[in-house]
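Undergrad: There's a structure below that I have some questions on.
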Amino acid sequence: MRHDYHSVMFTFFHCKGMDILCPRSFHLLIDSLSSFRLNYRCKEVTNVNQIDEGKQHHRMREWKKAIACYETYIKESKGTAPDQVFQLLARALRFNGHPKRSLTVIQQGLNQFPESETLLVELHQHYDFTAEWKKAKSVAKKLVKSDPGKPDYLFRMGRTYSFLDDYSKARQTYKKALERKHLTSFSSLIEKIEDSFPDSSSSYTSHYRYVDGINNFGAIFHENAHHRYFTKISSLTGKKNGAAREESFYMEVCSDFPELKALVPGFVNTRHLDGLSYLTIEMINATPSDKKHAQQAVRASHKLTRVSYNDIKQLEHRIEVLEEERRYMKTFG
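Start counting the sequence shown at 1; every next residue gets the next number (full-length UniProt numbering).
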């Protein structure tokens, strides 16, 4: 852009019959260039501010304001906006309930950046949201082909297979993704999990299985003469949802409310490895479904209803306080 401007300025002086080597003409050229650069930089800063402002609105879930910032940036950039801005705009549109507009933005971005993994990830996210699993599978394959060693792409591929009811491929893909995620063999991963069991000196017969679920990446079953354990593998998406909420249920709620102990599997332990949760609980035998079983279910329901909502909310508050104290101690010793 700068070089084009230089050419225009020299052409301008030449057409005016002005000697570019003349001191007056030379200083006029320098002043013009300085003014141009200042305006260009101001515009550049404005664009950067629009991105930062858009991200701020994004964090605050102010989708309309975020969308306006991103759209203005793309319009003023005139074909020079990076692929990340298209991703941010597409995501904000989807969150604001405009999946069709979101898809259009992704496609516009891919027209400019055909090999962009950032936009391919967003495209897969779109098809995941709209449950178009065959299209999601095609995109996931492109991602895996572009970077076969990236665990996230394999997890996406495994999830897509699971929704296509291809459980065998889902199992194989998730298993490979877990090995890449932890940079270890699956047998070594199982050993690491079993080392944290209360009776870690015991040996187990263990195997991996596919287990359905939104955030699940399968499970490991462990068994010996005395114990049968089940380790559920999930993504850690936040402290109040997904795996973290389930861990809290077994670790905190069940210990505070004895009424639940006879109804749910016993908690063994939990481990966090590279952003994944490995929650191990005791396996319980299935009960045949008959009249007696129905009566037991009614009695169990009565026990559950004795646990008041207020008690659970108070417990949740206590957990938050404990977490805050743990963070404080970790930070300040």
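Glycine is no exception: its CB is placed at the ideal position from the N, C-alpha and C atoms.
1. Contact between the segment 197-208 and the segment 221-233 is defined here as three or more beta-carbon pairs at a separation below 8 Å; is this criterion met?
2. Could you compute how far the alpha carbon of F249 sits from the alpha carbon of D128?
3. Across which residues does DSSP place F221 in a beta bridge pair?
4. Indicate the three-state DSSP secondary structure (helix, strand or coil) for S35 in the structure shown.
5. Look at the alpha carbon of G275 and the alpha carbon of L236, and state the distance between them as a whole number of angstroms.
6. For L103, I'd like the list of residues in its chain whose CB is within less than 6 Å of its CB, leaving aside the five on either flank, ordered along the chain.
7. Taking the alpha carbon of E247 as the point to measure from, which residue in Q107, T80 and I281 has its own alpha carbon closest?
8. Identify the continuous beta strand (DSSP E) that holds H272 and give its terminal residues.
9. Would you mind listing the alpha helix (DSSP H) stretches within the UniProt repeat "TPR" (151-184) that are 4+ residues and don't spill past its ends, in chain order?
10. Enumerate in chain order the residues of its own chain whose CB-to-CB distance from E115 is below 8 Å, with the five nearest sequence positions on each side excluded.
11. In or out: H58 buried (at least 16 other Cβ within 10 Å) or exposed?
12. Please report how far the alpha carbon of A66 lies from the alpha carbon of D83, in whole angstroms.
13. For N111, which beta-bridge partners are listed by DSSP?
14. Let me confirm a value: A81 is counted as buried when at least 16 other C-beta atoms fall within 10 Å, else exposed. Which label applies?
15. On the criterion of 16 or more Cβ atoms from any shown chain inside 10 Å, does M60 qualify as buried, or is it exposed?
16. Using the beta-carbon count (16 or more within 10 Å), is P151 buried or exposed?
17. Which of helix, strand or coil does DSSP assign to L119?
18. Please report the distance separating the alpha-carbon of M157 from that of A140.
19. Whole angstroms are fine: how far does the CA of P99 sit from the CA of L229?
20. Three-state secondary structure (DSSP) at E71?
21. From the DSSP output, read off the bridge partner residues of Y278.
22. Can you list, in chain order, the residues of its chain whose CB lies under 7 Å from that of H182, leaving out five sequence neighbours each side?
23. Measure from the alpha carbon of D52 to the alpha carbon of each residue in C69, V264 and A92, then state which is nearest.
24. Roughly how many angstroms separate the alpha carbons of G266 and M283, rounded to a whole number?
25. Among the residues of its own chain, which have a CB less than 8 Å from the CB of N216, if the five just before and after it don't count?
26. Alpha carbon to alpha carbon, how far is F163 from Y73? Give it in angstroms, no decimals.
27. From the DSSP output, in three-state form, read off N216 for me.
28. Within 10 angstroms of its Cβ, does K137 collect 16 or more other Cβ (buried), or is it exposed?
29. Quick check: what's the CA-CA separation for N96 versus K64?
TA: So, from the listed chains and residues:
1. yes
2. 28 Å
3. H207 and F230
4. Low confidence applies to S35: its pLDDT is 48, below 50, so where it sits in the model is not reliable enough to give any reading.
5. 6 Å
6. H126
7. I281
8. F267 to L273
9. 151-163 and 167-182
10. S146
11. buried
12. 16 Å
13. Answer is none; N111 lacks a bridge partner.
14. buried
15. exposed
16. buried
17. helix
18. 5 Å
19. For the record, residue 229 in the displayed sequence is Tyr; it is not Leu. Taking the straight line from one Cα to the other gives about 42 Å.
20. helix
21. I233 and R271
22. L189, L273 and D274
23. C69
24. 8 Å
25. K232, I233 and S234
26. 37 Å
27. strand
28. buried
29. 7 Å
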